[in-house]
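J.: Mapped onto the working numbering, the consecutive letters of the sequence shown carry residue numbers 281 to 389.
Encoded as structure tokens, here's the structure I'll be asking about.
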Amino acid sequence: MFKFFLIFNFLILITTAHGSEENGKNFIRQLSKWNIDFLKLDNFKAGAGCMTPNSQEYNALGLSYNLADIEYAKKIALQGCEQMKKKNKILTECKCEIIYVNNNLVIKE
Numbered sequence: 281m282f283k284f285f286l287i288f289n290f291l292i293l294i295t296t297a298h299g300s301e302e303n304g305k306n307f308i309r310q311l312s313k314w315n316i317d318f319l320k321l322d323n324f325k326a327g328a329g330c331m332t333p334n335s336q337e338y339n340a341l342g343l344s345y346n347l348a349d350i351e352y353a354k355k356i357a358l359q360g361c362e363q364m365k366k367k368n369k370i371l372t373e374c375k376c377e378i379i380y381v382n383n384n385l386v387i388k389e
């Protein structure tokens with residue numbers, strides 16, 4: 281029974297990591313439509329987005345870069361995402377979440 285539980289948890293972890301990796305690629309791809317290469321921006325940066333369940337694209341994006349503090353960069357990215365949701369009148373149930381901090385993908389648990 282314990283082996284089953286351990287294997288089951290491992291499979292969930294692998295699936296979650298793969299899904300997050302795909303979301304990270306989608307974030308980078310969507311920014312590139314506006315000629316923004318997020319990975320080349322200066323450090324102390326963050327990227328945020330909101331995606332509805334079962335969607336392949338983000339409904340809203342926010343980013344920040346070249347800031348003095350990483351926590352402030354995350355705050356600005358989240359605010360940008362919320363502003364885009366408001367401007368585009370996105371009323372669906374999507375929550376703005378941090379996707380990248382510097383060049384590191386944030387994997388949700």
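Yeah, the Cβ is synthetic: ideal placement off N, Cα and C, and Gly gets one too.
Determine the burial state of PHE282: buried for a count of at least 16 other Cβ atoms within 10 Å of its Cβ, exposed for fewer.
T.: In the sequence shown, residue 282 corresponds to position 2, counting from 1. Only weak support is given to the placement of PHE282: the predicted model assigns it a pLDDT of 37, under 50, and the value that follows is read from those uncertain coordinates. With fewer than 16 Cβ atoms within 10 Å of its Cβ, PHE282 is classed as exposed.
J.: So for SER344, helix, strand or coil by DSSP?
T.: Mapped onto the sequence shown, residue 344 falls at position 64. SER344: strand per DSSP, three-state reduction.
J.: Please go through the same chain and pick out, in chain order, the residues whose beta-carbon is closer than 8 Å to the beta-carbon of ILE378, but skip the five residues on each side of it.
T.: If you number the sequence shown from 1, residue 378 lands on position 98. Counting only Cβ-Cβ distances below 8 Å, and skipping sequence neighbours, we find ALA326, GLY327, ALA328, LYS354, ALA357, LEU358, VAL386.
J.: Using only CA atoms, which one of SER312, PRO333, TYR338, PHE324 lies nearest to GLU362?
T.: Indexing the sequence shown from 1 puts residue 362 at position 82. Comparing Cα-Cα distances from GLU362 to each of SER312, PRO333, TYR338, PHE324, the minimum goes to TYR338.
J.: Would ASN368 and MET331 qualify as a contact pair, given that the criterion is a beta-carbon distance under 8 Å?
T.: The residue given as residue 368 occupies position 88 in the sequence shown. The residue given as residue 331 occupies position 51 in the sequence shown. No, Cβ-Cβ distance for ASN368 and MET331 is not below 8 Å.
J.: Is the separation between the beta-carbon of PHE307 and that of TYR352 shorter than 8 Å?
T.: Translated into positions along the sequence shown, residue 307 becomes position 27. Translated into positions along the sequence shown, residue 352 becomes position 72. The answer is no: Cβ separation not under 8 Å.
J.: Can you have a look at LEU311 and say buried or exposed, based on whether 16 or more other CB atoms are within 10 angstroms of its CB?
T.: On the sequence shown, residue 311 is found 31 positions in, with the first residue counted as 1. By the neighbour-count rule (16 or more Cβ atoms within 10 Å), LEU311 is buried.
J.: Please report how far the alpha carbon of ILE350 lies from the alpha carbon of ASN334, in whole angstroms.
T.: To locate residue 350, count along the sequence shown from 1; it is residue 70. To locate residue 334, count along the sequence shown from 1; it is residue 54. If I take the Cα positions, the gap works out to 30 Å.
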